[in-house]
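Numbering (our numbering), first residue to last: -15 to 116.
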């Protein structure tokens, strides 16, 4: 159980870092900041997201909760793939600033949906409100 808690903390820390990184890069994209061209800005998010994914896979294996058998985890995985696509449009592939900005907001919405699903382990993104 010791490793589980360590990996869970790493995963949660990477979730926070991913959020901060994505929000910061989105603001820089809107401002057309030169910071987006810095090599560390291009490399660091990949390192954080790789660690986030690896820790997520480790947790899935440790808990024996697999996509396809756990509905909430399947939905979270599909939302993750959608987040990657929409986030890519926001920060790289959007043809106009308006498209990139709208995609950025959309990706943030998807991110918060994934958080809600993870916290509630329910497909309904508002289910966590029932526990308040």
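C-beta: ideal position from N, C-alpha, C; glycine also.
Computed from a prediction, not measured in an experiment: that's the story for all the values here.
In the structure shown, residue 54 adopts extended strand secondary structure according to DSSP, grouped into three states.
The way I'd put it, the stretch 82 to 95 does touch the stretch 10 to 20; three or more beta-carbon pairs between them come closer than 8 angstroms.
Taking the C-beta atoms as reference points, residue 67 is found no nearer than 9 angstroms to residue 57. Under the three-state reduction of DSSP, residue 84 is assigned to helix. For residue 5, the enclosing alpha helix (DSSP H) has its first and last residue at -14 to 15. The C-beta separation of residue 2 from residue 36 comes to about 6 angstroms, placing the pair in contact by the 8 angstroms criterion.
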